[in-house]
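Those protein sequences? They're chains A and B, same order as listed. Here the first sequence is numbered in the working numbering, starting from 132 and rising by one per residue. Here the second sequence is numbered in the working numbering, starting from 132 and rising by one per residue. Ideal Cβ placement from N, Cα and C applies to all residues, glycine included. Here the structure is a predicted model, which is why all the values come from computation and not from measurement. Only one structure is covered here, and it is reproduced in the block below.
Protein chains: 2
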Amino acid sequence: MQLGAIDRASDRPPYRQIADQLRELIDRGTLVAGDKLPSEAELIEHYGVARMTVRQAVQELRNEGRVVAEHGKGTFVRQPVQVRRLASERFARRHREAGLAAFSVEAQKTGFTPNVDQLEIATGPAAPEIRDRLRLGDDEEVVSRSRRYLADGQPVETAVSYLPASVAAGSRIVEADTGPGGIYARLEDMGFELDHFTEEVSARMPTAEERRRLQLTDGVPVVVLVRTAYDTAGRPLEVCDTLKAAPAYVLEYEVPAR
Amino acid sequence: MQLGAIDRASDRPPYRQIADQLRELIDRGTLVAGDKLPSEAELIEHYGVARMTVRQAVQELRNEGRVVAEHGKGTFVRQPVQVRRLASERFARRHREAGLAAFSVEAQKTGFTPNVDQLEIATGPAAPEIRDRLRLGDDEEVVSRSRRYLADGQPVETAVSYLPASVAAGSRIVEADTGPGGIYARLEDMGFELDHFTEEVSARMPTAEERRRLQLTDGVPVVVLVRTAYDTAGRPLEVCDTLKAAPAYVLEYEVPAR
DNA sequence: ACAGTTGACTTGTCTAGAGGAGCTACCGAG
DNA sequence: CTCGGTAGCTCCTCTAGACAAGTCAACTGT
């Protein structure tokens, strides 16, 4: 393995020099996805530094999301996960008319087994931000559906939908199984004609709870996608807060130039 | 300051318990944006643990992007940066007909002083991925314009545009100043009618170089946005790879439901 | 041949310092 | 009153271990 030396006279601290060299091995392709890094003991012996110095160097690469440490096994160059390209047409009417919710559309295209768990349905007062987005009055309630999506058994996303209770109550939206085509098909069954959605996309590091629910390792951000469904009158019918493991998703949009 | 104790009998390691308690102070609003955390010395004394244990606890919050350590000053709850909501209509024709490039449109709306630096213009062979996106032949060259954008002097984004040399050569696109309305205005000046753009959005942790160029601290991911401009014949005219500091951006899209 | 055990290797966590470097406020001298 | 120096506080970096816990391959006993 082509590890160099560290320069004690350098301004750059040894742990960063070691991190630089390991990063270089990955960037150059000397180490590729799935390869094991030199062990801590090997790095300690090679560079003649303390164990904490070596650990700090490797932690830099962990924080960058480039390597994954596995207790008792070693540290490995991260395997890329299958990237799901989410086309915005996944909410087209033809899909829900065919009885497919968006996640199922995605599963069919990409070829994975979709599953939903940790489902929680509740009715109650809306948080201020949700109330604003749904343009509700102070005392109007919302129905919320919280859930986690799995692809081939692996958590990939969490989502919470909010709809005005006045819209959703009494429909299958408040049941465990919303029925074919999901929430949007039920809304259209009830006579609401969906016109468009807005999607607000951002990214950040996950909270500890989010890391746990999505089974994320170090250095993996999440994509936050807040989608609002509007009817033809421009009225917001549903807000959906979703969280996705960032490495697994590319969101695709088409934007007019006119 | 309401710090608790650590439970040495717990399965949860002390450094994580300390991180949990500091996180709780922030979540509960006991510490708010800009507030200083207890110093390392204070935490060491309070919890009766080693310095490295305390540093590891604080590093958890740094990696989550929640706090920022400043050498010699202290560790502070991160100040939220001004969030720029990027509406997809920033590429509408009316803006470039008014002589405004997208960044200037954004600056006018949000009210900051826009600037561009680190400009590099080159002509040469295309990387395979760019060649594919622009649907170029093996020997066709591209013009590339690499630059960094600053808002009120602060780096917020880097971008590289690629256009077929056969399209861009001889125009102001290869000059330092592309002229009013930017690249897209020049393309339309030359007779190309822009029809739509695709935008592919993802997120990841920045590389070391990207951190440097964007002046990012620990635990701050970047949003990667690859935009492709198409003319009315569906031909790709330009590919623009951009990188944005994630906390500063929310991307907004409108998606039809039909 | 198989199951259980063990040893070696690996990462995880912690201790107890020590010294370096940045920052800031205060004090003393001019 | 101003400026330079200094002391104290702060985070950064490193050392040199020690012990815990997970993994895996090899060995041993049945």
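Original post:
Which class does B/R279 belong to by DSSP, given the choice of helix, strand or coil?
Top reply: Counting from one through the second sequence, the residue named residue 279 of chain B turns up at place 148. Correct three-state label for B/R279: strand.
**OP:** For B/P387, go through chain A and note every residue whose CB falls closer than 7 angstroms to its CB, in chain order.
**Re:** One-based indexing of the second sequence puts residue 387 of chain B at position 256. Those are H327, listed as they occur along chain A.
**OP:** Express the C-alpha separation of B/K375 and B/G205 in angstroms, rounding to a whole number.
**Re:** As a position in the second sequence, residue 205 of chain B is number 74, starting the count at 1. As a position in the second sequence, residue 375 of chain B is number 244, starting the count at 1. Here the alpha carbons of B/K375 and B/G205 stand approximately 27 angstroms from one another.
**OP:** Determine, using beta-carbon pairs with one atom in the stretch 319-332 of chain A and one in the stretch 151-162 of chain A, whether at least three such pairs fall under 8 angstroms.
**Re:** With contact defined as three or more Cβ pairs closer than 8 angstroms, the stretch 319-332 of chain A and the stretch 151-162 of chain A are not in contact.
**OP:** Would you mind telling me which residues of chain A sit closer than 8 angstroms to B/A223, beta carbon to beta carbon, in chain order?
**Re:** Residue mapping note: residue 223 of chain B aligns to position 92 of the second sequence, counting from 1. One finds P387, A388 and R389 in chain A with Cβ atoms closer than 8 angstroms to the Cβ of B/A223, taken in chain order.
Subject >> Where B/G350 meets chain A, residues with beta-carbon distance less than 8 angstroms >> reply: Mapped onto the second sequence, residue 350 of chain B falls at position 219. From the beta-carbon of B/G350, the residues of chain A found nearer than 8 angstroms are N194 and M336.
Original post:
How should A/R389 be labelled, buried or exposed, when 16 other C-beta atoms within 10 angstroms of its C-beta is the threshold for buried?
Top reply: Counting from 1 along the first sequence, the entry for residue 389 of chain A is found at position 258. An exposed status is given to A/R389, since fewer than 16 other beta-carbon atoms sit within 10 Å of its beta-carbon.
Subject >> Contact under 7 angstroms by Cβ, A/E330 with A/L368 >> reply: Sequence index remark: in the first sequence, residue 330 of chain A carries index 199 (1-based). Sequence index remark: in the first sequence, residue 368 of chain A carries index 237 (1-based). No, they are not a contact pair.
**OP:** Verify the CB distance criterion: does B/A376 have a CB-CB separation below 7 angstroms to chain A?
**Re:** As a first step, residue 376 of chain B must be located in the second sequence, where it is residue number 245. Proximity of B/A376 to chain A, defined by a Cβ-Cβ separation below 7 angstroms, is not satisfied.
Original post:
Residues in its own chain within less than 6 angstroms of A/T244 by CB, not counting five upstream and five downstream?
Top reply: If you number the first sequence from 1, residue 244 of chain A lands on position 113. These residues qualify, in order along the chain: D283.
Subject >> Under 7 angstroms between C-beta atoms of B/P311 and B/A334 >> reply: The sequence position of residue 311 of chain B within the second sequence is 180, counting from 1. The sequence position of residue 334 of chain B within the second sequence is 203, counting from 1. In this structure, the beta-carbon distance from B/P311 to B/A334 does not fall below 7 angstroms.
Original post:
Using 8 angstroms as the threshold, is the stretch 184-193 of chain B in touch with the stretch 221-228 of chain B, meaning 3 or more CB pairs across them?
Top reply: Counting C-beta pairs with one atom in each stretch, the stretch 184-193 of chain B and the stretch 221-228 of chain B have fewer than three that are closer than 8 angstroms, which means they do not touch.
Original post:
Mind checking whether A/R215 and A/I252 have CB atoms under 7 angstroms apart?
Top reply: The residue given as residue 215 of chain A occupies position 84 in the first sequence. The residue given as residue 252 of chain A occupies position 121 in the first sequence. For A/R215 and A/I252, no; Cβs fall outside 7 angstroms.
Subject >> Backbone secondary structure at A/G313 - three-state DSSP >> reply: By 1-based counting over the first sequence, the position of residue 313 of chain A is 182. Of the three classes helix, strand and coil, the one that applies to A/G313 here is helix, per DSSP.
**OP:** Under 8 angstroms by Cβ, that's how I've got A/L134 and A/Q152 pegged, so tell me the actual separation to the nearest angstrom.
**Re:** Translated into positions along the first sequence, residue 134 of chain A becomes position 3. Translated into positions along the first sequence, residue 152 of chain A becomes position 21. The C-beta distance from A/L134 to A/Q152 rounds to 6 angstroms, short enough to meet the 8 angstroms contact threshold.
**OP:** Determine whether the Cβ of A/L156 lies closer than 7 angstroms to any Cβ atom of chain B.
**Re:** The count along the first sequence starts at 1 and reaches residue 156 of chain A at position 25. Using a CB distance cut-off of 7 angstroms, A/L156 does not count as an interface residue toward chain B.
Original post:
At which residue ranges does the stretch 152-236 of chain B contain complete beta strand (DSSP E) runs of 3 or more residues, listed in the order of the chain?
Top reply: The qualifying runs are 198-201, 205-208 and 215-218.
Subject >> For B/L281 and A/L347, the rounded distance between their alpha carbons >> reply: Taking the first sequence and counting its residues from 1, the one referred to as residue 347 of chain A is at position 216. Taking the second sequence and counting its residues from 1, the one referred to as residue 281 of chain B is at position 150. A straight-line Cα-Cα distance of about 32 angstroms links A/L347 and B/L281.
**OP:** With DSSP collapsed to three states, give me the class of B/Q148.
**Re:** Stepping through the second sequence from its first residue, residue 148 of chain B is reached at position 17. Helix, per DSSP.
**OP:** Put A/I137 into one of helix, strand or coil per three-state DSSP.
**Re:** To locate residue 137 of chain A, count along the first sequence from 1; it is residue 6. When DSSP states are grouped into helix, strand and coil, A/I137 belongs to the coil group.
Original post:
Residues in its own chain within less than 8 angstroms of A/L217 by CB, not counting five upstream and five downstream?
Top reply: In the first sequence, counting from the first residue as 1, residue 217 of chain A sits at position 86. Only E237, Y380, V381, L382 and E383 meet the Cβ criterion.
Subject >> Residues near A/G350 by beta carbon distance below 6 angstroms, same chain, minus five either side >> reply: Position 219 of the first sequence, counting from 1, holds the residue named residue 350 of chain A. The answer, listed in chain order, is R193, N194, E195 and G196.
Original post:
Identify the residues that DSSP records as bridge partners of B/V291: which are they?
Top reply: What you label residue 291 of chain B is simply residue 160 of the second sequence in a count that begins at 1. Under DSSP, B/V291 forms a beta bridge with B/S277 and B/D372.
**OP:** Determine which residues share a DSSP beta bridge with A/P337 and list them.
**Re:** Counted from its first residue, the first sequence places residue 337 of chain A at position 206. In DSSP, A/P337 forms no bridge with anything.
Original post:
Of all the options B/G242, B/D166, B/F328 and B/T254, which has the alpha carbon lying nearest to the alpha carbon of B/A300?
Top reply: For the purposes of this step, residue 300 of chain B is taken as residue 169 along the second sequence, with counting starting at 1. When each option's Cα is compared against that of B/A300, the closest is B/T254.
Original post:
Span of the alpha helix (DSSP H) holding A/L265?
Top reply: Translated into positions along the first sequence, residue 265 of chain A becomes position 134. Where A/L265 is concerned, the enclosing alpha helix (DSSP H) stretches over P259 to L265.
**OP:** Determine, using beta carbons only, whether A/T363 and A/V370 come nearer to each other than 7 angstroms.
**Re:** Counting from one through the first sequence, the residue named residue 363 of chain A turns up at place 232. Counting from one through the first sequence, the residue named residue 370 of chain A turns up at place 239. Not a contact, by the Cβ cut-off of 7 angstroms.
Original post:
Just to confirm, does A/S219 get its C-beta within under 6 angstroms of one of the non-hydrogen atoms of the ligand MN?
Top reply: In the structure shown, the ligand MN is absent, as is every other ligand, since no ligand is present at all.
Original post:
Using the beta-carbon count (16 or more within 10 Å), is B/M336 buried or exposed?
Top reply: If you number the second sequence from 1, residue 336 of chain B lands on position 205. B/M336 comes out buried.
Subject >> C-alpha gap between B/P387 and B/E288, whole angstroms >> reply: Position 256 of the second sequence holds residue 387 of chain B. Position 157 of the second sequence holds residue 288 of chain B. Taking the CA atoms as reference points, B/P387 sits about 29 angstroms from B/E288.
**OP:** Please confirm if A/L134 has its CB atom under 7 angstroms from at least one CB of chain B.
**Re:** The residue given as residue 134 of chain A occupies position 3 in the first sequence. Chain B contact via Cβ: absent.
Original post:
Hey, would you say A/A164 sits closer than 7 angstroms to A/V208, going by beta carbons?
Top reply: For the purposes of this step, residue 164 of chain A is taken as residue 33 along the first sequence, with counting starting at 1. For the purposes of this step, residue 208 of chain A is taken as residue 77 along the first sequence, with counting starting at 1. For the 7 angstroms CB-CB criterion, A/A164 and A/V208 form a contact.
Subject >> Per-residue DSSP class, three states only, for B/L318 >> reply: Translated into the one-based positions of the second sequence, residue 318 of chain B becomes position 187. Of the three classes helix, strand and coil, the one that applies to B/L318 here is helix, per DSSP.
Subject >> chain A contact for B/E369 (CB, 7 angstroms cutoff) >> reply: The sequence position of residue 369 of chain B within the second sequence is 238, counting from 1. Against chain A, the CB of B/E369 has no partner CB under 7 angstroms away; the residue lies outside that interface.
Subject >> Straight-line gap, A/L168 to B/A377 (C-alpha atoms, nearest Å) >> reply: Translated into positions along the first sequence, residue 168 of chain A becomes position 37. Translated into positions along the second sequence, residue 377 of chain B becomes position 246. A direct Cα-to-Cα measurement between A/L168 and B/A377 gives close to 29 angstroms.
Subject >> As assigned by DSSP and simplified to three states, the class of A/A253 >> reply: For the purposes of this step, residue 253 of chain A is taken as residue 122 along the first sequence, with counting starting at 1. In the structure shown, A/A253 sits in a strand (DSSP, three-state: E or B).
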